[in-house]
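So for the sequence shown, the working numbering puts the first residue at 6; every next one is plus one. Note that the Cβ used here is the ideal one computed from N, Cα and C, for glycine as well.
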Amino acid sequence: MERANARKSDGLSVNGRHLLSLAHKALLHTRQTEVAKRLNVADSTVLRRTEKYPEIMETLAASGVEDFVLRGEMKVPLEQYRWLLTVAIQFAEYELERTKEKTPDCCNSTGV
6 MERANARKSD GLSVNGRHLL SLAHKALLHT RQTEVAKRLN VADSTVLRRT EKYPEIMETL
66 AASGVEDFVL RGEMKVPLEQ YRWLLTVAIQ FAEYELERTK EKTPDCCNST GV
């Protein structure tokens, strides 16, 4: 007989860990008291609820959720992100060449 695959995995998937880190980041940027006030619960309840985050995020990842956007953030398509990085690298190379050309002679000498 073959061993049956267990439904429960020992660790979180990559997407699950990513969602978990985003959730913790969102919680860190907001005071626990403010979160508790919005939920009408005690402050300690907020921390207890975060213990369930790994299971919730793994469920979301298994459902196909890969990312969420927080207030004030904007999702950029991958192609646009790659283009922006290419332009930034080209600009950095240009600036490096420009500053090399304008370096005074006193900085290039090895001694007096």
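Looking at C-alpha atoms only, which residue of the options is the closest neighbour of residue i?
{"i": "V51", "options": "V40, L24 and I61", "result": "V40"}
{"i": "G77", "options": "H34, G21, L17 and V19", "result": "H34"}
{"i": "S18", "options": "I61, A47 and L83", "result": "I61"}
I need the straight-line Cα distance from residue i to residue j, nearest angstrom please.
{"i": "Q95", "j": "E106", "result": "17 Å"}
{"i": "Q37", "j": "A93", "result": "37 Å"}
{"i": "E98", "j": "Y86", "result": "18 Å"}
{"i": "E100", "j": "G21", "result": "40 Å"}
{"i": "V74", "j": "K80", "result": "7 Å"}
Report the CB separation of residue i from residue j in whole angstroms; it is logged as a contact under 8 Å.
{"i": "A67", "j": "L24", "result": "That belief does not hold up - the Cβ atoms of A67 and L24 are roughly 11 Å apart, past 8 Å."}
TODO: Assess, as a yes-or-no matter, whether the region 52-61 is touched by the region 17-32 under the definition of 3 or more beta carbon pairs within less than 8 Å.
DONE: As far as the Cβ criterion goes, the region 17-32 touches the region 52-61, which means the pair count is three or higher.
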